[in-house]
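Q:
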Amino acid sequence: MDIEQFRKAGYQAIDRICDYYYSLNEQSVISKVEPGYLREHIPLAAPEKGEDMQVIADDYQKYIIPGLTHWQHPKFFAYFPTAGSFESIIADLYASSVSNPGFNWSCSPACTELEVIVMDWAAKLLGLSPDFYNSSGVGGGCIQTTASDSVLVAVVAARSLYQRNYPDTKMEDLVIYTTTQTHSLGAKAALILGLQVKTLEVTAEDRFALRGEGLRSALQEDERGGRKPFILIATVGTTSSGAVDNIPEIREVVKDYPSLWVHIDAAWAGVALSCDEYRKELYLDEINSFANSFCTNFHKWGLVNFDCSTLWVRDRKHLTDALDITPPFLRTKHGDAGTVIDFRNWHLALGRRFRSLKMWFVFRGFGAEGFREYIRRCIRLNEIFVGLIEQSNTLSLVTQPSLALTVFRVSPMPESSNQAALSTQSLNELNRLFFGRLSSKTDIMLTQTTLNGTFCVRLAVGSAHTTEKHVHEAFALVSEEAKIALELWKQTFQGAAVVG
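Here the sequence shown stands for residues 24 to 523, numbered as in the working numbering.
(1) Span of the alpha helix (DSSP H) holding Y34?
(2) What is the rounded straight-line gap between the Cα of W324 and the Cα of I364?
(3) First and last residue of the alpha helix (DSSP H) that includes P252?
(4) For L197, which of S171, E246, L61 and G162 has the nearest alpha-carbon?
(5) Run through the region 302-352 for me and flag every whole alpha helix (DSSP H) of 4 or more residues, listed as ranges in chain order.
(6) How big is the Cα-Cα spacing for C130 and R354?
(7) Can you tell me which residues form a DSSP beta bridge with C165?
(8) For Y189 and S183, what's the separation of their Cα atoms in angstroms?
(9) Kindly list the residues whose CB is nearer than 6 Å to the CB of N311, restricted to its own chain and excluding five residues on each side of it in sequence; keep chain order.
(10) Since I believe F155 is in contact with A468 (beta carbons under 8 Å), could you give me their beta-carbon distance rounded to a whole number of angstroms?
(11) Is it right to say M7 is buried, meaning 16 or more other beta carbons lie within 10 angstroms of its own, or is it exposed?
(12) For Q50 and S463, what's the separation of their Cα atoms in angstroms?
(13) Note down the Cα distance separating F394 from Q514, rounded to an integer number of angstroms.
(14) On the DSSP letters alone, give me the boundaries of the beta strand (DSSP E) that P483 sits inside.
(15) Can you tell me the Cα-Cα spacing of P435 and I407, whole angstroms?
(16) Let me make sure I understand the geometry here. Which of D172, V336, T333 and F366 has the alpha-carbon closest to that of T349?
(17) List the whole-angstrom C-beta distance separating G8 from R375, where the pair is believed to meet the contact cut-off of C-beta under 8 Å.
(18) For I289, which of S316, Y280 and E396 has the nearest alpha-carbon?
(19) May I have the straight-line CA-CA distance separating S122 from P424, to the nearest angstrom?
(20) Any idea which residues DSSP pairs R375 with across the strands?
(21) Can you tell me which residues form a DSSP beta bridge with L537?
(22) From L342 to V176, what does the alpha carbon distance come to, in whole angstroms?
(23) Could you spell out where the beta strand (DSSP E) holding D288 opens and where it closes?
(24) Exposed or buried, which one is S446 when buried takes at least 16 other CB atoms within 10 Å?
(25) Opposite S419 in the DSSP bridges: which residues?
(26) Classify T470 as helix, strand or coil using the three-state DSSP reduction.
(27) What number of angstroms, rounded off, separates the C-alpha of L214 from the C-alpha of H286?
(28) Would you call the region 446-456 in contact with the region 389-405, where contact means no fewer than 3 C-beta pairs closer than 8 Å?
(29) Hey, would you say D268 sits closer than 8 Å to A232, going by beta carbons?
(30) Please determine, among L426, A227, D75 and E309, the residue with the shortest C-alpha to C-alpha distance to G476.
(31) Taking its Cβ as the centre, do 16 or more other Cβ atoms sit within 10 Å of Y306, making it buried, or is it exposed?
(32) Assign Q186 to one of three DSSP states: helix, strand, or coil.
(33) Under a three-way DSSP split, which group does I398 fall into?
(34) For K193, which of helix, strand or coil comes out of DSSP?
(35) Alpha carbons only, please: which of V433, C401, R400 and I398 is nearest the one belonging to E413?
(36) Count the other CB atoms within 10 Å of the CB of P132; is the residue buried (16 or more) or exposed (fewer)?
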């Protein structure tokens, strides 16, 4: 393909992307294809000769788009959103056009220098302490791929720091701390690194948040057993329930355990710190006062296309001490002089994408004010859904809503005063039936979770295309399926539930 052929194909691609977004509301949220469908349409080996770009582009329309789940759809309420702003799409196109591995400053100075700047922009937008700014010369921020990578980097840095301070420590004694609501990234980091992970129980009474007393008790127990807790992964906005660990209480405990690294995983909820009114409930002041590292994903609720996980550390030297590998062919005069940042030493990979361009375009295109309004609008839409749930005789909240996330279930009120309440087991059976019906729909997508033995359903608002109309339609569908599931359950189990 020459330049003019690329120009023509590029125009067509943009037109088709625009048509895709124009038609998004009419598309099914969930793909209707069956496993293995693509093998029926695509040869099982690459062609020997190059094909015409028009044919390739048409095959994308015919075979790939039908197999997509549309995460930007206004009725996508599953998991958490993946951002899809046009500003970020354009930036991604530009970044791809000058593809460079970005492993040091000399690769492309703009690639490094823009990231240094926009990570400070982001830190200021979220209200993070200047200790985390790149301009501080001590702390700083770097773009990772996902929160799982951010946690893995934090664990590697924390392990390295602990072993430098306590060189006689055995690997098998090191312990990562998580809770029963921490994302699986904690367990995966332990699996990759061959470390122990200790999972602390949290309760519904505490809104599934880790409390100081539980943490202190676990630390004392491990000390007595000769184990070495070296990092706690605390969460601001858990995946299942949106829970926020009690950071003020954790801070008080950690004062007595200065060797414990505290990583804040705010992968989803962290971008809400851009709004002043949510900073207190998300414990920004406490995070700023003592956390060693902080992560949030702008590719979730932050308008930047996947992937873009932002990680800040209070002391960058802990990263570079753990991860700096500089063979002769990577050495440069600027790197040797320490006048530039070589971000390859801040994460596991050598090469890296030009992700900062996406953040730069989004921040400039929306402005801080527009970014905050998007966050607030999503929360307002969720509040509408919560209000509808609270008025329902069939549906109820399982835990207090968290920002743009609601966790609920079918929980019918007794039809008479002498009717026994449903047991937990019966309610779980009913709600599995309910979710089974919901998940068979293609015009909406929600996800399930289990909170301390309670099966429930999650609705997360985040698509830039979702409106109040879509929220009301979602509630109407959920309500109707709840009633049908309840009737089917009654017919199957004949109301034989007992008090749990």
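Every residue, glycine too, gets a C-beta built ideally from N, C-alpha and C.
A: Taking the definition as stated:
(1) Residue mapping note: residue 34 aligns to position 11 of the sequence shown, counting from 1. Run containing Y34: I26 to Y45, per the alpha helix (DSSP H) assignment.
(2) By 1-based counting over the sequence shown, the position of residue 324 is 301. By 1-based counting over the sequence shown, the position of residue 364 is 341. C-alpha separation (whole angstroms): 28 Å.
(3) In the sequence shown, the residue the question calls residue 252 occupies position 229. Taken as a continuous stretch (DSSP letters only), P252 belongs to no alpha helix (DSSP H), being part of the beta strand (DSSP E) at K251 to T258.
(4) Indexing the sequence shown from 1 puts residue 197 at position 174. For L197, the nearest C-alpha among the options comes from E246.
(5) Inside the region 302-352, DSSP marks whole alpha helix (DSSP H) runs of 4 or more residues at positions 307-313, 321-324 and 339-346, from first to last along the chain.
(6) Taking the first residue of the sequence shown as 1, we reach residue 130 at position 107. Taking the first residue of the sequence shown as 1, we reach residue 354 at position 331. C130 and R354: Cα-Cα distance of roughly 12 Å.
(7) Taking the first residue of the sequence shown as position 1, residue 165 is located at position 142. In DSSP, C165 forms a bridge with L334.
(8) The residue you call residue 189 lines up with position 166 of the sequence shown. The residue you call residue 183 lines up with position 160 of the sequence shown. Between Y189 and S183, the C-alpha separation is close to 10 Å.
(9) The count along the sequence shown starts at 1 and reaches residue 311 at position 288. Result list for N311: S152, in chain order.
(10) To locate residue 468, count along the sequence shown from 1; it is residue 445. To locate residue 155, count along the sequence shown from 1; it is residue 132. According to the sequence displayed, residue 468 carries Met and not Ala. The Cβ separation is near 35 Å, so there is no contact.
(11) Lying before the first or after the last residue shown, residue 7 is absent from the chain, which here runs from 24 to 523.
(12) The sequence position of residue 50 within the sequence shown is 27, counting from 1. The sequence position of residue 463 within the sequence shown is 440, counting from 1. Looking at the two C-alpha atoms, the distance is approximately 16 Å.
(13) Within the sequence shown, residue 394 is the residue found at index 371, counting from 1. Within the sequence shown, residue 514 is the residue found at index 491, counting from 1. Each residue's alpha carbon lies about 49 Å from the other.
(14) For the purposes of this step, residue 483 is identified with residue 460 of the sequence shown, where counting begins at 1. At residue 483 the sequence reads Ala, which differs from the Pro that was named. A483 -> beta strand (DSSP E) spans T477 to A483.
(15) As a first step, residue 435 must be located in the sequence shown, where it is residue number 412. As a first step, residue 407 must be located in the sequence shown, where it is residue number 384. Their backbone Cα atoms lie some 21 Å apart in a straight line.
(16) Translated into positions along the sequence shown, residue 349 becomes position 326. The candidate whose alpha carbon is nearest that of T349 is F366.
(17) Past the edges of the chain, shown from 24 to 523, lies residue 8, and the structure says nothing about it.
(18) By one-based count along the sequence shown, residue 289 stands at place 266. For the record, residue 289 in the displayed sequence is Ala; it is not Ile. Checking every option, the nearest Cα to that of A289 belongs to S316.
(19) Residue 122 sits at position 99 when you count from the first residue of the sequence shown. Residue 424 sits at position 401 when you count from the first residue of the sequence shown. Those two C-alpha atoms are separated by around 42 Å.
(20) Position 352 of the sequence shown, counted from the start, is the residue given in the question as residue 375. Paired residues: none, contrary to the question.
(21) Absent from the structure is residue 537, since the part of the chain shown begins at 24 and ends at 523.
(22) The residue given as residue 342 occupies position 319 in the sequence shown. The residue given as residue 176 occupies position 153 in the sequence shown. Spanning the two alpha carbons is a distance of roughly 8 Å.
(23) Residue 288 sits at position 265 when you count from the first residue of the sequence shown. Run containing D288: W284 to D288, per the beta strand (DSSP E) assignment.
(24) Here the question's residue 446 lines up with position 423 in the sequence shown. By the neighbour-count rule (16 or more Cβ atoms within 10 Å), S446 is not buried but exposed.
(25) Working through the sequence shown from its first residue, we reach residue 419 at position 396. Partner(s): R432.
(26) Within the sequence shown, the letter at position 447 stands for residue 470. Judged by DSSP in its simplified three-state form, T470 adopts strand.
(27) On the sequence shown, position 191 is the one that residue 214 refers to. On the sequence shown, position 263 is the one that residue 286 refers to. Distance between the alpha carbons of L214 and H286: 18 Å.
(28) The region 446-456 vs the region 389-405: no contact.
(29) Start at 1 with the first residue of the sequence shown, and residue 268 comes out as number 245. Start at 1 with the first residue of the sequence shown, and residue 232 comes out as number 209. In this structure, A232 lies closer than 8 Å to D268 by Cβ.
(30) By one-based count along the sequence shown, residue 476 stands at place 453. Nearest C-alpha to G476: A227.
(31) As a position in the sequence shown, residue 306 is number 283, starting the count at 1. So Y306 counts as buried.
(32) Taking the first residue of the sequence shown as 1, we reach residue 186 at position 163. Of the three classes helix, strand and coil, the one that applies to Q186 here is helix, per DSSP.
(33) Looking up residue 398 in the sequence shown gives position 375. Note: I398 maps to helix in three-state DSSP.
(34) Here residue 193 refers to the residue found at position 170 of the sequence shown. The three-state secondary structure of K193, taken from DSSP, is coil.
(35) On the sequence shown, position 390 is the one that residue 413 refers to. When V433, C401, R400 and I398 are compared, the shortest CA-CA separation from E413 is found for V433.
(36) The sequence position of residue 132 within the sequence shown is 109, counting from 1. Answer is exposed; the Cβ neighbour count stays below 16.
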